[in-house]
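> Let me begin by handing over the structure; questions about it come next.
Numbering (full-length UniProt numbering), first residue to last: 1 to 530.
Below, the structure written as structure tokens:
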């Protein structure tokens, strides 16, 4: 087969260009490519070991916490705390904020769920912070608020003439209202979140019982995880985040990153931390870090879940992941000095923040996934002088993958798809992390994640219009050049390994190239009708 492919053709074809390319490659291969690739292998191996150790430590702590029943919130007796609150009847005033921006499909769901919460009606205020730019939608949201006001719920509809600070700006201005002065706690729900009626009864008692607690974070429950393969894979990643990262942080350090929604804060903790800031796209994480440095403790209550929606279009998911990856990297750059110089918390906690929470999880995890698995390993196939050990190239990644995937047992059969999907997304996360560190263009780009609400249910019951079919073929929205370029590179390496290699890396490379092409040509996620 090799002879058939590479034998000289009978017809004389000018090969000047190919000869020049071959000469250029050979001239830089030994003095430049091989040393750089060896250095890249060493750096990626070190990062892989760092990530491996972090994952093993978290898995070990999580297992110990689960086996010994040492989850932090389990040391409280929720039923006893509820009874004590009932007997005293000293119900604290609670503010509930719902920030939204052009949330046409979901505003009724969130407002209805929050207004239906069980709590003394004279002891909670629902504050709808509407930054919508669509005047018709603003009227609809205001009408929805008026409907609940007529039912006796204390709803405050707040709008702004600008979007300064985006979500952080809206939340900050909301806390400055005069009617908030008597509120002790504030719960926050994004526009697609629907808390159960007993949410406040299952969270506020922790804050009343322990005056050192600044935040109670609930877990997310995804209502559309079955919508498409992309939402199932997202569920696997987020389940690990809540089951392991949040639980370990809560049980060991009394710190974890606030998820921006489905949580309830002690307002004094927000004030002590300096309030909401809009200097990054992760205002929630920024506030959590500053509050932790002031000595406030957090607790993650995994038994309390709040329904919400996963982004089901690739475009929406890419924007979300850019914000979630760029923001932490940018925050690390802005806060490293502040964290190191803080004397209110132990040196151990400060090092945990910088090394484990920020550097390994928010930087190394993205970089090693993309550079090592999508660039360096394929490059080593076409440069066989650089050897890869199986421990680094196979065993460590396999262990990390298994530790991530076991958090969602029902999706273990999708493990291979999840690996390929995460590797593709690491391209965008790596790019976003670099933008955040360098504070380059798009560092403060804020695009609200598109929610579909009941739109997909309606779509299933209607015949797509011609405009829908046209939008399906809109090239500019469906073609993603970066994914296609990386896919071509991996395909080239796969073919080379298939013909000349002996380590069977072509199996992985072909699958991964296929994943890059699938997402590069927009063949993943939900197609939304106009």
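Virtual Cβ for every residue (Gly too), placed ideally from N, Cα, C.
To the nearest angstrom, how far is it from the Cα of residue 330 to the Cα of residue 61?
Cα to Cα, the separation comes out at about 29 Å.
> Applying the criterion that 16 or more other CB atoms from any shown protein chain within 10 Å of the CB defines a buried residue, is residue 265 buried or exposed?
Result: buried.
> Please list the terminal residues of the continuous alpha helix (DSSP H) segment that includes residue 339.
Taken as a continuous stretch (DSSP letters only), the alpha helix (DSSP H) holding residue 339 covers 314-341.
> Over the uninterrupted alpha helix (DSSP H) stretch that includes residue 35, give me the two end residues.
Start and end: 34-68.
> State the DSSP-derived secondary structure class of residue 306, mapped to helix, strand or coil.
Note: residue 306 maps to strand in three-state DSSP.
> Rounded to a whole number of angstroms, what is the C-alpha to C-alpha distance between residue 168 and residue 380?
For residue 168 and residue 380, the distance between alpha carbons rounds to 45 Å.
> My understanding is that residue 141 touches residue 132, with C-beta atoms under 8 Å, so please give their C-beta distance in whole angstroms.
Contact flag correct, Cβ pair sits at about 7 Å.
> Between the Cα of residue 259 and those of 299, 279 and 233, spot the shortest distance and give me the residue it belongs to.
Nearest option by C-alpha distance: 299.
> Is it buried or exposed for residue 88, if we count other Cβ within 10 angstroms and need 16 for buried?
With fewer than 16 other Cβ atoms within 10 Å, it is exposed.
> For residue 490, tell me which candidate among 517, 503 and 479 has the shortest Cα-Cα distance.
That would be 517, whose Cα lies nearest to the Cα of residue 490.
> For residue 65, which residues in the same chain have their Cβ closer than 7 Å to its Cβ, ignoring the five residues on either side in sequence?
Around residue 65: 71, 247 and 251.
> Just to confirm, are residue 118 and residue 200 a CB contact at a threshold of 8 Å?
Contact flag set, yes.
> Are residue 272 and residue 291 touching if we call contact CB-CB under 8 Å?
Closer than 8 Å, so yes.
> Please name the residue in 107, 478, 262 and 38 whose C-alpha comes closest to that of residue 301.
Ranking 107, 478, 262 and 38 by Cα distance to residue 301 puts 262 first.
> Taking the alpha carbon of residue 371 as the point to measure from, which residue in 406, 48 and 21 has its own alpha carbon closest?
The shortest C-alpha separation from residue 371 is found at 48.
> With DSSP collapsed to three states, give me the class of residue 410.
Three-state DSSP puts residue 410 in a helix.
> Please state whether the Cβ-Cβ distance between residue 492 and residue 522 is less than 8 Å.
Not in contact: residue 492 and residue 522 (Cβ atoms no closer than 8 Å).
> Work out the CA separation of residue 483 and residue 423 for me, nearest whole Å.
Using only the alpha carbons, I get a separation of about 11 Å.
> Can you give me the Cβ contacts of residue 257 inside the same chain, cut-off strictly under 6 Å, excluding the 5 residues immediately before and after it?
Same-chain partners within the cutoff: 285 and 288.
> Mapping the DSSP letters down to three states, classify residue 195 as helix, strand or coil.
Strand, per DSSP.
> If you reduce the DSSP assignment to three classes, tell me which class residue 211 lands in.
It is coil, neither helix nor strand.
> Given that a residue counts as buried once 16 or more other Cβ atoms are within 10 Å of its Cβ, and exposed if not, what is residue 21?
Exposed, since its Cβ has fewer than 16 Cβ neighbours within 10 Å.
> Using DSSP bridges, identify the partner residues of residue 127.
Answer is 97 and 156.
> With which residues is residue 297 paired in a DSSP beta bridge?
DSSP lists 213 as partners of residue 297.
> Taking only beta-carbon positions, decide if residue 268 is within less than 8 Å of chain B.
The chain labelled as chain B is not found in the depicted structure, where only one protein chain is given.
> Roughly how many whole angstroms lie between the Cα atoms of residue 208 and residue 73?
Cα to Cα, the separation comes out at about 13 Å.
> So, with DSSP's three-state summary, where would you put residue 479?
It is coil, neither helix nor strand.
> Along the chain, which unbroken stretches of the beta strand (DSSP E) at least 3 residues long are found entirely within the region 220-288?
If we require 3 residues or more, the beta strand (DSSP E) runs fully inside the region 220-288 come out as 263-266.
> Taking only three categories from DSSP, how would you classify residue 174?
DSSP places residue 174 in helix when its eight states are reduced to three.
> Just grab the DSSP bridge partners of residue 520 for me.
The partner list for residue 520 (beta bridge, DSSP) is empty, contrary to what the question assumes.
> Report buried or exposed for residue 86, applying the criterion of at least 16 other Cβ atoms within 10 angstroms of its Cβ.
So residue 86 ends up on the exposed side.
> Taking residue 416 as part of the alpha helix (DSSP H), name the residues at either end of that continuous run.
First-last of the alpha helix (DSSP H) with residue 416: 415-438.
> Hey, out of 328, 79 and 40, whose CA is closest to residue 437's CA?
Nearest option by C-alpha distance: 328.
> Is there contact between the region 442-454 and the region 303-313, where contact requires at least three CB pairs shorter than 8 Å?
These segments touch.
> Should the region 88-103 be called in touch with the region 185-202, which here means at least 3 C-beta pairs below 8 Å?
The region 88-103, when compared against the region 185-202, does touch it at the 8 Å Cβ threshold.
> Measuring only the C-alpha atoms, how far is residue 58 from residue 240?
One C-alpha to the other measures close to 11 Å.
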